[in-house]
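Each remark here refers to the structure printed beneath this line.
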Amino acid sequence: MAAGDIFAAPVGSNFLLYAPLHHVLAFVNAPAYRQIRQGLQGEGEVAPTIRPLLSQLAARPLPPPTARTGPLHPPLFLGIIPTRGCNMGCRYCGFAAPKQTGPVMSLALARTAVDAYLNLLTASNERHANIHFFGGEPFFAADVVHFVANYATGRAAQVGMSVHFEATSNGLYSPTRCQWIADHFHTVVLSLDGPADIQNSQRPGINGQPLFEVVARNARILSGGSAELIIRACVTAETAPRLPEIAHWIAAEFSPRAVCFESLTPSALSETAGFYPPDPWQFACHFYQAAQILDAAGIQTVLSTADTSAIRHTFCPVGQDALIVTPDGRVNACYLLEEEWQRQGLDLRLGQLAVGADQFDLDITAVQRIRQIPGQPKPRCTYCLCRYHCAGGCHVNHVGGHGRYDDLCIQTRLVTITTLLAQLGLHDVITVWHADDRLLQQTAWQPDDRLLMQSWDL
Amino acid sequence: MKTMITPNPPQTYFCPPHIRWAYDAACILVVNEQTRQAHMLVAEEAAIWDWLMLGYSYAQLIQFIAASSDLPTVQAENHLRQQLQTWQESGLLQKVAHHG
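Next up, the structure:
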């Protein structure tokens, strides 16, 4: 029997059994763990209480998520980058783009992008369009966003389609503009790192001026609008211990659907500013405390690499045929800057779009090649229980490691296991486990999570 | 209440306070609270109304219309003039009297 997708993680003297392709999540003691292992190998006696679980594990699993194949339709979404420019001076931002002078997408190119995208959807009988805005800061070129929102809505209506608009934004604009966003957008991912001292320290204006009040005011406007608000907070070594405090503050002040706590991605800029990624062990424990607080307020807490809500082949849009159009008409699979992929030896360019064209000029070889990128598993992911939801993380920024878990892996593994234990209601187990550094280390560093490949001396 | 200026000759319009509007999924509903008349704006009409209420200038509106309808700017301007005229006649916009 091929049971390489049944994972077990030691938690103290017990085991978390996790087999997402079998829809199995269980917490078992050592004798049950031993019986399940033996049962899967067709050996030994199995207690009646274990048999239902064993038969579920022995049943044919879901097929593992695989790369897309065939022609490019439908794309995951149309990404529009109105500008790479930005009106904030975040001190850790590794986006090596010219801040205030980035080129702006022409209205003609924006119109062409919408037309070509809707043509693709129409050809595959899709009834729903997804348009995402990225930057820089997309609303730093607000006229492009205002144009696209109205143009795409009208064009889609002509062909009986609805459009979902999403934007990732820094929240620096007037209340009027913010209200417009709340009225027209379906999802807004707002970067807000915490209360005033944190936000002003990490995300000041271009000249270093504090902008917390503006962003917090807009978070309140978005909380009251029809757009789904997701708050994204960048967590540093300094702010990780404050995650519970940040969670309390968010729950008291705003009404997001979810809060996304993501570790700082280190860069030369962030190090110069004195910001470092959090300690992964500390992050995992504080993340759980914050999640408890937010959960009590009906708010979901997310770490993107530890989101077990779906199994996936790739962590991000790369490999899912998202078409992300830059201000100068390049069509990419990733919204990061080209220099960043190239630094990692990647080419994520799909093609280009000429003003007035009725379709994207895509290199189908590039489409096929990029679809395969997530399928080239990193050595450290092969036997990790997170492989079907983390999927290796960012293809650009989470690289190297030579088979050994790095800090992001440890963080992802600990938060994943904590989240799964919480789903089982085992909060007392989590408390004891988190309090014992030796137990955490034992769980996190297990090199092979596959149940049948383990050799615990029980 | 929003205002805008149209050149040649200069003309200022404003949206009187008894005009209210609300966004729906695929239209904008504009209501005249004095007359109890409702206007449902769809497609390009809705787009122009939205851009107008965002405070864009006459010149910028022409650019938006030219881009969205793929029209030369002269035709886009004619189209905008007609639209403003229609909204003025139905009471959704009012002209500001210019003196001197």
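Those protein sequences? They're chains E and H, same order as listed.
Using my numbering, the first residue of the first sequence is number 1, and each one after it goes up by one.
Using my numbering, the first residue of the second sequence is number 1, and each one after it goes up by one.
Yeah, the Cβ is synthetic: ideal placement off N, Cα and C, and Gly gets one too.
* If the cut is a Cβ gap below 9 Å, which residues of chain H does E/His184 touch? -> Per Cβ cutoff of 9 Å: Tyr23, Asp50.
* Enumerate in chain order the residues of its own chain whose CB-to-CB distance from E/Tyr151 is below 8 Å, with the five nearest sequence positions on each side excluded. => Only Ala110, Arg111, Val114 meet the Cβ criterion.
* Under the three-state reduction of DSSP, which class applies to H/Gly100: helix, strand or coil? -> Its pLDDT being 49, under 50, H/Gly100 is placed unreliably by the model, and the measurement read from it follows with that caveat. Coil.
* To do: Could you say if the segment 22-34 of chain E and the segment 268-280 of chain E meet the contact criterion of at least three C-beta pairs nearer than 8 Å?
  => With the cut-off at 8 Å, the segment 22-34 of chain E and the segment 268-280 of chain E do not touch.
* To do: Scan the segment 106-148 of chain E and note each continuous alpha helix (DSSP H) run of 4 residues or more that stays entirely inside, going in chain order.
  => DSSP runs (the alpha helix (DSSP H)) wholly in the segment 106-148 of chain E: 107-123.
* To do: Would you verify that the beta carbon of E/Asp358 is, or is not, closer than 9 Å to some beta carbon of chain H?
  => Closer than 9 Å: no.
* Return helix, strand or coil for E/His248, following the three-state DSSP convention. => Here E/His248 sits in helix by DSSP.
* Looking at chain E, which residues of the segment 58-91 of chain H have a Cβ within less than 9 Å of any of its Cβ atoms? -> Residues of the segment 58-91 of chain H with a C-beta atom less than 9 Å from some C-beta of chain E are Gln60, Gln63, Phe64, Ala66, Ala67, Ser68, Asp70, listed in chain order.
* Asked: Applying a beta-carbon distance threshold of less than 7 Å, which residues of chain E neighbour H/Leu54?
  -> Near H/Leu54 (Cβ distances below 7 Å), the residues of chain E are His146, Trp180.
* Work out the CA separation of E/Ala354 and E/Met105 for me, nearest whole Å. => In a straight line, the C-alpha of E/Met105 is about 12 Å away from that of E/Ala354.
* Note the first and the last residue of the continuous beta strand (DSSP E) segment covering E/Val235. => Element bounds for E/Val235: 228-235.
* **Length of the line joining the Cα atoms of H/Leu92 and H/Asn32** => Distance between the alpha carbons of H/Leu92 and H/Asn32 is about 7 Å.
* Per-residue burial, E/Ala9 [other beta carbons within 10 Å of its own, 16 or more giving buried] -> Flag for E/Ala9 reads buried.
* What does H/Glu44 touch in chain E if you count any residue whose Cβ is under 7 Å from its own? -> Within chain E, the residues whose beta carbon sits less than 7 Å from that of H/Glu44 are Gly154, listed in sequence order.
* Only counting runs of 3 or more residues, tell me where the beta strand (DSSP E) segments fall wholly within the segment 31-100 of chain H, in order along the chain. => Runs of the beta strand (DSSP E) lying entirely within the segment 31-100 of chain H, each at least 3 residues long, are 37-42, 94-96 in chain order.
* How about E/Ile364 and E/Leu121: are their beta carbons less than 9 Å apart? -> Not a contact, by the Cβ cut-off of 9 Å.
* C-alpha distance - E/Gly154 paired with H/Val42, whole-angstrom precision -> Cα to Cα, E/Gly154 sits roughly 8 Å from H/Val42.
* Asked: Is the CB of H/Ala47 under 9 Å away from at least one CB in chain E?
  -> Flagged as an interface residue toward chain E: H/Ala47, by a C-beta distance shorter than 9 Å.
* Starting from the C-beta of H/Gly100, find all residues in its chain whose C-beta is less than 7 Å away, skip the five residues before and the five after it, and write them out in chain order. => For H/Gly100, the predicted structure reports a pLDDT of 49, less than 50, and the residue's modelled location is therefore unreliable. A value from the coordinates is still provided. Excluding positions up to five away in sequence, the list is empty.
* Asked: For E/Pro278, is the beta carbon positioned less than 8 Å from some heavy atom of the ligand COA?
  -> Looking for the ligand COA in the displayed structure turns up nothing, as the structure carries no ligands at all.
* Return yes when the Cβ of E/Leu192 is within less than 9 Å of the Cβ of E/Val215, no when it is not. => Yes, the Cβ-Cβ distance between E/Val215 and E/Leu192 is below 9 Å.
* **Between the CA atoms of E/Ile221 and E/Ala258 - distance to the nearest angstrom** => About 16 Å.
* Can a CB atom of chain E be found closer than 9 Å to the CB of H/Ala26? -> Residue contact with chain E for H/Ala26: present (Cβ-Cβ distance below 9 Å to some residue of chain E).
* Asked: Taking three-plus beta-carbon pairs below 8 Å as touching, is the segment 157-168 of chain E in contact with the segment 131-139 of chain E?
  -> Output reads yes: the segment 131-139 of chain E touches the segment 157-168 of chain E.
* Pick helix, strand or coil for E/Val415, following the three-state DSSP scheme. => For E/Val415, the three-state secondary structure derived from DSSP is helix.
* Proximity winner among E/Ala32, E/Leu385, E/Thr187, relative to E/Pro52 (alpha-carbon distances) -> Out of E/Ala32, E/Leu385, E/Thr187, E/Ala32 has the C-alpha closest to the C-alpha of E/Pro52.
* Could you tell me if E/Leu172 is buried or exposed, where buried requires 16 or more neighbouring beta carbons within 10 angstroms of its beta carbon? => By the neighbour-count rule (16 or more Cβ atoms within 10 Å), E/Leu172 is buried.
* E/Asn207, buried or exposed, once every other Cβ within 10 Å from all chains shown has been counted against 16 -> By the neighbour-count rule (16 or more Cβ atoms within 10 Å), E/Asn207 is not buried but exposed.
* DSSP beta-bridge partners of E/Asn332 -> E/Ile324, E/Arg349, per the DSSP bridge assignment.
* Cutoff 7 Å; reference E/Glu381; Cβ partners in own chain excluding five residues on either side -> It should be noted that the sequence gives Cys, not Glu, for residue 381 of chain E. A distance below 7 Å between beta-carbons, with the five flanking residues on each side excluded, links E/Cys381 to the following residues of its chain, in chain order: Arg387, Gly392.
* Check whether the segment 12-25 of chain H touches the segment 48-66 of chain E, counting contact only when three or more Cβ pairs, one atom from each stretch, lie closer than 8 Å. => No, the segment 12-25 of chain H is not in contact with the segment 48-66 of chain E.
* Asked: Should E/Met88 go down as buried or exposed, given a rule of 16 or more other Cβ atoms within 10 Å for buried?
  -> Within 10 angstroms of the beta-carbon of E/Met88 lie 16 or more other beta-carbons, which makes it buried.
* To do: Helix, strand or coil for E/Gln446, going by three-state DSSP, please let me know.
  => E/Gln446 falls in the coil class under three-state DSSP.
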